[in-house]
Amino acid sequence: MKEKQKQNQNQNQSLFKSIISLITYKKTKIPPSFTLTESYEESGQEQDNSEQSGSDQGEKEKDEQNSSSKSRRRATKKPLSPSALKSSRVDSDAVKKDIDSNKKILEQQFHLPINKDLIIREFSIGNKQRGFIAYIDGMADKGIINDFILRPLFDEIDDESSSDQQLNSLEDIILTNDTKNLRKVTTTVTEILKGNTALYVDGLDYFITCETIGYNTRGVEAPKTEGIVKGPQEGFSENLRTNISLIRRIVRNKDLITEFHEIGEKSNTTCAVVYLNGVVNPAVVQEVQRRLKNIKTDFLVSSGMLEQLIEDNPYSIVPTILSTERPDRTASHLVEGRVAIIVDGSPFAMIVPVSMHALMHSPEDAALKWQYATSIRFIRFVAVLAASMLPALYIALTTFHREMIPTDLLIAIAKAKENVPFPTLVEILLMELGFELIREAGLRVPGIVGNTLGIIGALILGEAAVSANIVSPILIIIVAITGLSNFAIPNYNLAFGVRLTRFYFIAAGALLGFYGISLALVAYVLMLVNLKSFGVPFISIISPRTKGSRDIIIKWPIWMQEYRPDYLNSPDRRRQPKISRQWAEQDSSDT
Amino acid sequence: MEKLKKIIAFMTICMLCLGLPGCYDAIEIDEEVYALSIGVDKGINNAIRVTFQYATYMEDGGGGMGGGDEESGEVGGTIVSTVEAASLLEAINVMNAAVNRQVSLMHAKMLIFSEEFAREGVGRYIEPLSRFREVRELMRIVVCNGKAQDFIKENKSLIGSNPSKALELMFEQSKNTGYFPDMIFGDFYVDLLTPYGQPVAAYAGVNDFKQLDEGEENEKPPLKPEVDIEPGDIPRTGGTKKEIFGLAVFDGDRMVGTLSQNETRFFLMGIGEFQRGFFTFVDENEPELIYVIEAQLARKPSINARMANGVPIIGLELDINIDIISIQSRRHYEQLNNIEGFEKNLATYFEQGLKKTIDKTQKEYNADIFHFGKKVAGNFNTIQELDDYNWIGHYQEAIVNVSVSVNARRSGFIYGATPIRSTESKKGVEEQK
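Those protein sequences? They're chains A and B, same order as listed. The first sequence begins at 11 in this note's numbering and counts up one residue at a time. The second sequence begins at 5 in this note's numbering and counts up one residue at a time.
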């Protein structure tokens, strides 16, 4: 009996403990997230830099080790140093010394009899040494291959000189701008996949790759989603190199650094990390590198996919990464001390770290006088409020707080609603659904019809719904204003987030009125406060309170913007001297 | 994935929990009718008779000008219906049955008592209103010299089809004329309870349009610049029959008397709420002609009070700005050498008017509607002493000194008017010079 009692007691205790453990505070198991720490003075800059370069080296070494041991998984594009070569064991990945096996390896890699893309053209130099070139049809520029690889080689063959000399100067013979000696098959394969041509001559233990990339791409066109009136009209295209050159044309600075990372086991997509050395906080660059290097996925086609792989909080409803298709906007962020990540094949640059305010800026702000820019910025903030809360406020007002509506308006609403058979909530949901349908359908309907469908659809649907007494006319106004406000939000991702948030607030407003909306708002703000974008609190400036850069909500005159945003902790805080308009202090007669 | 599932489950539970307490007090706008005015009369078979006026939700029909159908009580876009009940709030419930929708007092703009009812005391019926959650403080308080029911029946808008706007603008006119006070329910209720003074309410009546005499035309109509008129007796015709003119003086919750529209203006000046209004005077130099000025308070009146041998002595200083609107005699009163005398005359007039009005409230009603008590209270050390003294009872003993200073600020578009010239006018011109 006693034992049983004890057991019971034990059971009770364990139950009690488990209940208690449900409500007591426990440290989360989530590993500590990256936080951008405060760098106090500009004197700390050099230290930071030296640390950065030191860690960079360490990183490199580690990288090389990795590549030698795990090179099957990931290809490095850097040629191996001689010391590394010595230390590395001979493995299956190494380039063989005879032409037949090398050719066979390439054929195997590219499944040659079946796959028709890889072209291998064999030749022999001076009837002694056999060789071949390999490239992918369509990716490589055949003119370059003919004129600058094959022709010099055959010219050399006519020359009848010793084979030793030839071997030494093979790179000198080929006339393409960039050649690499690769001792690994995997890296060679990657190069071929990019559109380069691999050259092999019997007896060598490496491939020579020549840059012959030449496929068709879209040219530079005006941006599709970020059109502006005043300012440059160039947008990114799908070609990574073109995109980087677009940025470089704006920021002509030797400290502008572009790093490449390969992501995607199957797709081998190149991602560029672009930053302005000395302006960006090295910790941010390191964090970006760390995240990019530690992505294991097989396929990457757009920056949107990479965004989901590297963002801090995948569950957050608002984006913490700014995507833009404008080189000028990217450049201005780079100069402020942010990092841009560009994915090959995607006309968008991702910019990190960003705060909420950066998402609310439009590229046009920079080109406008500060009074105009500030006023349209306020409109945008109103738009965010309206887009997320207007239907919720309407529903809360009309079902819970009728005393707050002016009597005239109240009677007008009641008159309009008299013949409508649905409660306000259903009306709102119906109209919102209709609006979302029109928007989604407008995207799919081809070409010119799409735009007209949007307008006509909204007009006819609204008009018909009112005359059929399905919704009240005031509600059409509410939904229309909400929809318009949503389009006024400059960031596409944020606009999406706000669209979803609207339904969250509608639910809160319909359940508990203003009280519910305030509760929902508190929860929402808590979520915002919790967010980080690459170590920077998402609503910094507000919380935590940091020094403004005079271009956050109010855009002050450009000569007042002396500092970069405080939350970026740039080693180079100052953008311009205290007095930018120095001519204003001069006597105009002095020349 | 597990974590996500947990989070989703938790959120769903939270949302469901929210659904339990929420939604139940949500009422759609059109499920209620909003009483715009409430009238209270003495009942015949039960304690009180309550009249409600509420807006209809017809699409612009029904309302408008018509005047409506007698039986259904339709009055210009609204419906007026009366019910007899034991209490005001019970009357609302009885009304629900008849209207088929919930009657809400959230947007009530006017509470009107019949004079008969007000003279017996309104305290009992005001109390539940101040306690009830729906009644808003901004509701106007009016006493009607006839039946409240009749007043509300005449409460229609002839200009627009919007009854609530018409009601609000009706009370706004207090600012333009000063003929009646714009008394709101919140203030009225506080005034009932305060030891400093007594409440007032706007005084209203229904005009039967029979005041305009249709008799022989007078050769020389008499000039009467200051006639006290009861509401309902304004000599006019056309427009709506309702009128608000003057104020009702209360002693506690019982109405004790009225002030005429002219006295109301002096009262409003005394409490500093007079906004603007035209005054007509007989020209001293030419008794057949008049001049008109528009008066405005330059600043809030300054009131001081002291006790001398147990008698409160109150000083009331007023600073009035005037604009000259018309001088029929075209004399140059606005010129520097004349202006002082002109201002002095006016100051004397305002002083006497104020004095008379204060006298009336002291002698006739003994009701401190000016709230001098606020300043008198400063002479007592403790609230207990003030309570013991009972200022409200001693108001009639107080000596009130009034001094008014008048400043003419603008002369209108004319300065130094030239006389009208005619063949006979030469003499007049010479006289002026």
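Every residue, glycine too, gets a C-beta built ideally from N, C-alpha and C. This structure is a prediction, so every number in the text was calculated from the model and none was measured.
For histidine 398/B, the enclosing alpha helix (DSSP H) stretches over residues 395–398. For methionine 259/B, the beta-bridge partners assigned by DSSP are Phe254/B.
Assigned with DSSP and collapsed to three states, glycine 241/A falls in coil, not helix or strand.
A Cβ of chain A is located within less than 8 Å of the beta carbon of glutamate 32/B. If you check the CB distance, leucine 536/A and isoleucine 549/A do not come in under 8 Å.
Secondary-structure assignment with DSSP links glutamine 57/B through a beta bridge to Ser41/B, Val84/B. Straight across, the Cα-Cα distance linking methionine 143/B with isoleucine 83/B is about 19 Å. Those residues of the segment 88–111 of chain B placed with their C-beta closer than 7 Å to a C-beta in chain A are Met110, His111, ordered along the chain.
For valine 349/A, no alpha helix (DSSP H) encloses it; the enclosing beta strand (DSSP E) starts and ends at 349–353. Shown in chain order are the members of the segment 151–171 of chain B whose Cβ falls below 9 Å from a Cβ of chain A: Asn166, Pro167, Ser168, Lys169, Leu171. Residues of the same chain with a CB within less than 8 Å of the CB of arginine 414/B, apart from the 5 flanking positions on each side, are Asp327, Ile328 in chain order. Secondary structure at aspartate 327/B: strand, using DSSP grouped into helix, strand and coil. Chain A has no Cβ within less than 8 Å of the Cβ of arginine 135/B. Excluding five sequence positions before and after aspartate 147/A, the CB atoms of its chain that fall closer than 6 Å to its own CB belong to Asp127, Ile129, given in chain order. Around serine 326/A, the same chain offers Leu541 as residues with beta carbons nearer than 6 Å, after the five sequence neighbours per side are excluded.
Under a criterion of Cβ atoms nearer than 7 Å, no residue of chain A is adjacent to arginine 144/B; the nearest Cβ is some 13 Å distant. According to DSSP, cysteine 220/A shares a beta bridge with Thr189/A, Thr207/A. Here the alpha carbon of leucine 209/A sits roughly 59 Å from the alpha carbon of glutamine 592/A. Residues are counted here when their Cβ sits less than 9 Å from a Cβ of chain B; for the segment 509–522 of chain A these are Ala517, Ala518, Ala520, Leu521, Leu522, given in chain order. In the structure shown, serine 385/A adopts helical secondary structure according to DSSP, grouped into three states.
In the displayed model, glycine 127/B falls within a helix according to three-state DSSP. Cα atoms of glutamate 401/B and glutamate 230/B: separation of roughly 29 Å, rounded to the nearest angstrom. Here DSSP, grouped into helix, strand and coil, assigns glycine 452/A to helix.
Our two residues, glutamate 35/B and leucine 332/A, have alpha carbons roughly 47 Å apart in a direct line.
In the three-state DSSP reduction, histidine 343/A falls in the helix class (H, G or I). Alanine 39/B is outside the set of residues whose beta carbon lies under 8 Å from a beta carbon in chain A. If the five residues before and after isoleucine 156/B are omitted, its C-beta is found closer than 6 Å to the C-beta atoms of Ser41, Gly43, Thr55, Gln57, Val84, all from its own chain and listed in chain order. Counting the other Cβ atoms within 10 Å of the Cβ of lysine 114/A gives fewer than 16, which makes it exposed. The C-alpha of aspartate 323/B lies about 18 Å from the C-alpha of threonine 268/B. At a Cβ-Cβ threshold of 8 Å, leucine 344/A and valine 261/A count as neighbours.
Listed along chain B are Asn166, Ser168, Lys169, Glu172, each with a C-beta nearer than 9 Å to that of aspartate 418/A. Annotation: the continuous alpha helix (DSSP H) that includes arginine 251/A extends over 250–260.
For threonine 181/B, the uninterrupted alpha helix (DSSP H) segment begins and ends at 167–181.
What tyrosine 61/B touches in chain A, judged by beta-carbon distance under 7 Å, is Ala424, Lys425, Glu428, going in chain order. Nearest to isoleucine 238/A by C-alpha distance, out of Leu319/A, Phe358/A, Asp375/A, is Asp375/A. The C-beta distance from glycine 236/B to glycine 261/B rounds to 17 Å, too long to meet the 8 Å contact threshold.
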